[in-house]
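In the working numbering, the protein residues as written are 76 to 261.
Glycine residues also receive a C-beta, built at the ideal position from the N, C-alpha and C atoms.
Step one of this worksheet: look at the structure below.
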Amino acid sequence: MFRSLVLALLATSALRAADWSYSKWTNPMSGKLLDRFALQGRYLSRPALAEDGTPSLLAFCSEGQFRNGEFQLGAVAQPVVTYSLKGAPQAQIHMRIGSHAVETGFWEYSNNGQVLFFDRNQFDKLLTGKLLGHPSRAGSLVSAVVLGVVESAGNEVVVQFDMPANDSALISECGLEWGKEKRSGH
């Protein structure tokens, strides 16, 4: 069902999202000022017990480096019996990135289960569809990302993010340039 829903939606979706919204955010624990980028998504398959809300991707950066990312699901994800190298519990996530095949990954799970965390490599993959993608290269950005997560109520929550055509502010502020682009300051 997930694959047919994703294929139907990607075939009919020609709209591109607005840019990532940008704000400064102070971490209440550390007091550090971070660059916060947010992209709103939409449910293709809503959570069973969802409160009103919008799913979102957040990227936190500082001093020209990506610090961490969050997928705010708006439901409690079902954890799986795997742990990250840091010992954190994880949830299984299905990803359809651009025109690539559906893949499965495991993202760290927050204490309340409503947020899944992704790292720099996973973020590059969300932007480009490739594990070691180059977001700063012309033509490398994907147009849509569809994420599916099984919630604790047993339903698969499916979310689509229409990716911006130009992520230059995000790429620059988060230090996502590679190779020549990084050396030349573009």
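- When secondary structure is reduced to three states using DSSP, Ala244 falls in the helix class.
- Here the alpha carbons of Pro103 and Val155 stand approximately 30 Å from one another.
- Annotation: the continuous beta strand (DSSP E) that includes Gln167 extends over 164-172.
- From the listed residues Phe141, Ser218, Cys249, the smallest Cα separation to Asp237 is found for Ser218.
- With contacts defined by Cβ atoms closer than 8 Å, Gly116 and Leu132 form a contacting pair.
- Lys99: member of the beta strand (DSSP E) spanning 96-101, first to last residue.
- Within the model, the alpha-carbon separation for Phe135 versus Arg111 is close to 5 Å.
- Tyr97 and Leu114 have their C-alpha atoms spaced approximately 9 Å apart.
- Excluding residues up to 5 positions away in sequence, Gln165, Phe181, Glu183 lie with their Cβ nearer than 8 Å to the Cβ of Ser159 in the same chain.
- The closest CA to that of Val234, considering only Trp95, Ser243, Gly106, Leu119, is found on Leu119.
- Cβ contact annotation for Gly223 (same chain, cutoff 6 Å, sequence separation greater than five): Phe77, His169, Glu231, Val233, in chain order.
- With respect to the C-alpha of Thr129, the residue from Ala123, Gly149, Gln140, Ser137 having the closest C-alpha is Gly149.
- For the pair Asp94 and Pro239, the Cα-to-Cα distance works out to about 5 Å.
- When the beta-carbon positions are compared, Val225 and Gln189 stay at least 8 Å from each other.
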